[in-house]
Amino acid sequence: MSAATLLLPASDNAWRVWKPRARTSSETVDAPADAAHLAKPLLIGLPAAACRTIGLLVPQADDEVLEQLVVTNLERRGLKLDHDTAGKSFRWHHLGHNGGQAILSVDVLAEPFPEKLTATNAQDYTAALRLAELPPDQIVILEEQGDLVLAASHRGKLYHSHIFAQAPAADDALALEITLAKLALEADLGEGCITGISLIGDAFDKPLADRLSQALGMTVRNVATLAPKAELDTHGWTKLLPAAVRTAQTAAASRSQIIRWTMLGSGLVVSLIFLAYAYLVSLERQAADIEQQVRVIREPAEAVREIRGRWKSYAPAIDSRRFPMFLLAEVTRLMPTTGIVIRKFEVKGNEIEIRGEARDAQLAFQFIEDFKKNKALAAYTWTNPRPEVKGTTATFRAQGKLQ
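Residue numbers (our numbering): 1 to 403.
Right under this line is the structure:
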């Protein structure tokens, strides 16, 4: 990030420009679209109103499985996700571990994305507070363009943020929001994960910090501003771009390619005319040039074919329909509140075997029929012998084979 120009929201409706490695803002603009004159790459930090940050605890796994778990959790929260080759509407960050679980922080763009925040020259978007030096393990209260935002850091990295009121807010409203947020964070990260409260900006005076400290029984301090985190490494980040920006950049790239091909075609026509005039003189040179071009292209072409073959061989390993945890989550989601007990769940290659007990045969039959209606489980062909009724329970078995 030390080589990027940052565009961050101010407490009012303006946007502050931070040049690479600068510790203070150099200028302000009215909107991201007004930043076309800035040097590239341009990294835009969004306020909480345009980019939600959600903290998640999920089982530890490799990146592909974590991505699927993030998507599943976001969709269960009713968030609309979209992505293409140019970028996604969400991006997750691995902050560490808590016992056997991975601590993730996910930035999700607002849908629909505010048109006034689109900037076609932006290289990337992110939550503004992810670019800031946050006090470690503290709750931060600040004002972003008229909204009061509560954010929590985990070891100095943004874990969660949300808007809770319009500025200004009463003392009791601030105290209640901080208390609720602290309880929710401790339920996820453990007791003692929050060590204090920081009020950011000139809008919060020292008497307010003293009053909140007495009401909450915690240390509350005033911080003038949050400086950008110059040492933040963004090279491993995936693209987080609004759909409008992705479309505009793709169209611009297509136009540039058409222009290049047009210029190349025009030059080729001129060259052909010249070659026709001096054919006998240049024939040997053309043959040598063609041979050189073939030598240059041959090695990259072979490398591309080899990489394509590798990706094709990796396809079964990244198919989410084969992941046991993903499949078990889908089966669990179909279970009624009561009446079904799973005794065995086993995945071997392309096959699944499920054994369990149901309150009655009808409930067991309906449970297995629901597999065929589920988007993920419907990819399997299911066979289920008639349930065996013993006393007040029905023992059932279902076998699925990936089509």
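Where is the CB? At the ideal position from N, CA and C, for every residue including glycine.
Just so it is clear, the structure is predicted and the values come from calculations on it, not from any experiment.
Residues that residue i bridges to, as DSSP identifies them
| i | result |
| --- | --- |
| V223 | I200 |
| D137 | Its beta-bridge partners do not exist; DSSP assigns none. |
| G96 | I103 |
| L56 | L104 |
| W382 | G400 |
| G87 | D84 |
| S153 | L158 |
| R355 | K344 and R397 |
| K390 | T393 |
| V29 | W15 |
| P9 | W15 |
| L404 | Outside the shown range of the chain (1 to 403) lies residue 404, about which nothing can therefore be said. |
Euclidean distance between Cα positions of residue i and residue j
| i | j | result |
| --- | --- | --- |
| R76 | A376 | 15 Å |
| L142 | A50 | 16 Å |
| K88 | V71 | 11 Å |
| V245 | D34 | 15 Å |
| T383 | V106 | 39 Å |
| W18 | L43 | 10 Å |
| A152 | Q138 | 6 Å |
| E388 | Y380 | 23 Å |
| L272 | I259 | 20 Å |
| A165 | E299 | 60 Å |
| L402 | L327 | 12 Å |
| G417 | S11 | Limits of the chain in this structure are 1 at one end and 403 at the other, which puts residue 417 out of reach. |
| R359 | F323 | 29 Å |
| P20 | A230 | 8 Å |
| E177 | K206 | 19 Å |
| K116 | R16 | 16 Å |
| E306 | G156 | 43 Å |
| D84 | A203 | 41 Å |
| A301 | A36 | 37 Å |
Proximity winner among the options, relative to residue i (alpha-carbon distances)
| i | options | result |
| --- | --- | --- |
| P136 | A251, L158, L212 and A110 | L158 |
| M335 | R305, Q366, E346 and Q249 | Q366 |
| R23 | P228, L57, D210 and T53 | P228 |
| A170 | V304, Y380, N13 and L208 | L208 |
| R355 | P385, L150, A329 and A379 | P385 |
| T28 | P47, R21, L6 and A48 | L6 |
| H160 | S254, I273, L56 and M325 | L56 |
| L46 | E231, R130, F204 and D289 | R130 |
| L174 | G190, V140 and T195 | V140 |
| V341 | F396, G217, T195 and L150 | F396 |
| Q362 | I273, A394, D147 and E291 | A394 |
| Q214 | V223, I197, A203 and D233 | I197 |
| K372 | Q292, Q399 and T120 | Q399 |
| T332 | G349, M218, I178 and I368 | I368 |
| T126 | E306, T179 and R52 | R52 |
| T179 | F204, L134, G201 and L212 | L212 |
| T219 | G309, T195 and I54 | T195 |
| L38 | M325, N121 and H94 | N121 |
| G99 | D188, I297, D172 and L232 | D188 |
| P114 | E284, L241, I297 and A278 | L241 |
| T338 | S313, E351, K348 and A364 | A364 |
Which of helix, strand or coil DSSP assigns to residue i
| i | result |
| --- | --- |
| T250 | helix |
| D289 | helix |
| L212 | helix |
| P300 | helix |
| K239 | coil |
| L79 | coil |
| L38 | coil |
| Q145 | coil |
| F164 | strand |
| D360 | coil |
| D124 | strand |
| I44 | strand |
| P228 | strand |
| A50 | coil |
| A132 | strand |
| N374 | coil |
| N73 | helix |
| S324 | In the sequence as presented, Ser is not what sits at residue 324; that position holds Pro. DSSP places P324 in helix when its eight states are reduced to three. |
| P409 | This structure cannot settle anything about residue 409, because the visible part of the chain is limited to 1 through 403. |
| E330 | helix |
Rounded Cβ spacing between residue i and residue j (contact assumed at less than 8 Å)
| i | j | result |
| --- | --- | --- |
| D82 | A252 | Not confirmed; about 20 Å, so no contact. |
| P9 | E144 | 5 Å |
| W92 | L104 | 5 Å |
| Q101 | P41 | Not a contact, Cβ separation roughly 34 Å. |
| A132 | L226 | 4 Å |
| E353 | E346 | 5 Å |
| C193 | L183 | Actually they are not in contact, since the Cβ atoms of C193 and L183 sit about 11 Å apart, beyond 8 Å. |
| L74 | F90 | 6 Å |
| Q68 | S320 | 5 Å |
| L48 | V149 | One point to set straight first is that residue 48 is Ala, not Leu, in the sequence displayed. So it is a contact: roughly 5 Å between Cβ atoms. |
| H154 | L95 | 5 Å |
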